[in-house]
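Right, one structure below, let's go through it.
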Amino acid sequence: MIEDSQQSRTKLSELGEFGLIDLLTKNLDSKLPSTIKGIGDDAAVLNFEGKQTILTTDLLVEGVHFDLAYMPLRHLGYKAVMVNLSDVYAMNGVATQITVGIACSNRFPVEALEELYSGIELAAKLYDIDVVGGDTTSSTKGLLISITAIGVADKEDVVYRNGAKPNDLLVVTGDLGAAYMGLQILEREKEVFKVNPNSQPDLDAYTYLIERQLKPEARKDISGLLKSLEVKPTSMIDISDGLSSEIMHLCKNSKTGVNLFEDKIPLDPTVISVCEEFEIDSTTIALSGGEDYELLFTVSQTDFEKIKANPNFSIIGHMTEENEGMHLITRDNTKIPLIAKGWNAMEKDAED
Ligand code: ADP
Ligand code: MG
């Protein structure tokens with residue numbers, strides 16, 4: 001298991017709320033011209049000079065969204081930021097600022113929150129965003145993190161879920177299912193560790209999967225890439241709950257159907273081999289696994305030439321008339337209805 005690298009333990013009560021805020025925010029200087037006032041007043045002040053503002057928020061709860069048994073706090077901080085930035089990128093926007101609310105019980109020492117903030121700081125640095133505020137409070141049990149992300153886009157660049165048309169191509173970035181299989185590996189190791197705390201797991205073969213689970217990267221690059229290719233998606237969403245439920249969101253919002261081709265779904269070779277090891281179907285994992293933080297979008301058929309050879313993109317299907325329904329065309333060419341299962345639903349199935 002991942003050891004807590006912090007040896008010293010300073011009680012939260014030794015610092016008090018304001019001392020803690022000062023400590024956690026001391027490195028968070030604002031850098032962007034759009035940040036007029038960051039941390040340190042009653043509220044932040046931003047100026048986007050006539051662009052549209054994109055705003056999104058996510059709440060992560062210990063025991064529900066993360067397990068500190070295998071999630072290092074630094075990674076948790078990083079991932080909490082990614083989850084939010086991904087939503088801004090899914091609107092085809094540029095993420096600019098975040099605020100961070102944390103509630104934690106006094107079981108956490110000050111050093112643990114510093115670890116959490118080191119991950120938030122790293123994400124802010126790598127993704128060019130300012131942390132412009134937050135709130136710090138106590139909880140009776142566990143840790144909660146609520147991040148709000150702000151972004152901008154020109155009005156004509158914003159992409160919604162509702163613009164897909166029949167015959168549009170369905171496109172996904174990256175590959176799918178790895179984060180979910182990473183979680184399965186970590187859960188398995190946690191059980192092994194419970195039985196034998198001295199076991200030294202050899203996780204080398206699973207590095208990619210574990211990284212996708214513990215340190216996901218939001219697709220900051222896609223909006224610029226599409227712009228350079230002169231492609232504007234007709235609809236877009238990020239993949240947080242699994243491919244099938246995200247496809248269904250696009251279909252429902254756009255009032256279309258879909259044909260999704262199983263053999264086109266991008267899978268990393270390690271996902272295929274680990275699915276064999278766990279005796280689960282890799283397509284099911286891609287469809288329902290979740291936490292991939294890739295982008296799913298539709299483009300007009302006329303854009304086919306511009307995206308077909310790009311290694312960032314896989315064309316996995318096409319939209320149809322709404323009354324044709326939502327279908328998966330399997331490898332043996334059978335047409336079956338697409339069913340939505342978020343990974344919560346799948347977890348339940350696995351227990352049954
Ligand atoms: P208020 O009493 O107005 O809520 P606070 O004392 O909570 O103000 O916060 C002071 C400043 O520090 C504000 O700018 C606030 O946004 C910021 N801040 C508080 N907690 C955090 C945090 N966990 N992360 C980042 N900024 C924070
Ligand atoms: Mg406050």
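Counting from 1, position 105 in the sequence shown corresponds to residue 105 in UniProt numbering; the numbering is continuous, with no gaps.
By construction, the Cβ of each residue, glycine as well, lies at the ideal position given by its N, Cα and C atoms.
Check                                                                                                                        : Outcome
Opening and closing residue of the alpha helix (DSSP H) in which LEU15 lies                                                  : 12 to 25
According to DSSP, residues forming a beta bridge with ILE150                                                                : LEU55 and GLN97
ILE147 versus ILE98 - alpha carbon distance                                                                                  : 7 Å
Distance cut-off 7 Å: ARG102 Cβ against heavy atoms of the ligand ADP                                                        : The residue you asked about is not Arg; residue 102 is Ile in the sequence shown. ILE102 Cβ: within cutoff of the ligand ADP.
Any non-hydrogen atom of the ligand ADP within 7 Å of VAL131 CB                                                              : yes
Residue environment, ALA205, which counts as buried when at least 16 other CB atoms sit within 10 Å                          : exposed
Reduced DSSP secondary structure (H/G/I, E/B, other) of THR35                                                                : strand
The beta strand (DSSP E) enclosing GLY133, as first and last residue numbers                                                 : 130 to 138
Beta strand (DSSP E) segment containing LYS335, residue limits                                                               : 335 to 337
Check: PHE18 C-beta below 7 Å from any heavy atom of the ligand ADP                                                          : yes
Cβ-based burial, LYS308 [other Cβ within 10 Å; buried from 16]                                                               : exposed
Of the residues GLY325, GLY101, LEU68 and ASN333, the one placed nearest VAL81, counting alpha carbons only                  : GLY101
Beta-carbon contacts of PHE278 that lie in its chain and below 8 Å, excluding the five residues immediately before and after : MET181 and GLN184
Nearest to THR270 (by Cα), restricted to the options LYS227, GLU211, THR35 and GLY50                                         : GLU211
Check: LEU267 C-beta below 7 Å from any heavy atom of the ligand ADP                                                         : no
Limits of the beta strand (DSSP E) - the one that VAL238 falls within                                                        : Looking at the sequence provided, one finds Asp at residue 238 rather than Val. Per DSSP, ASP238 belongs to the beta strand (DSSP E) from 235 to 238.
Supposed close pair PRO166, THR320 - CB separation, criterion 8 Å                                                            : 5 Å
Cβ neighbours of GLU17 in the same chain (closer than 7 Å, five flanking residues each side left out)                        : THR136
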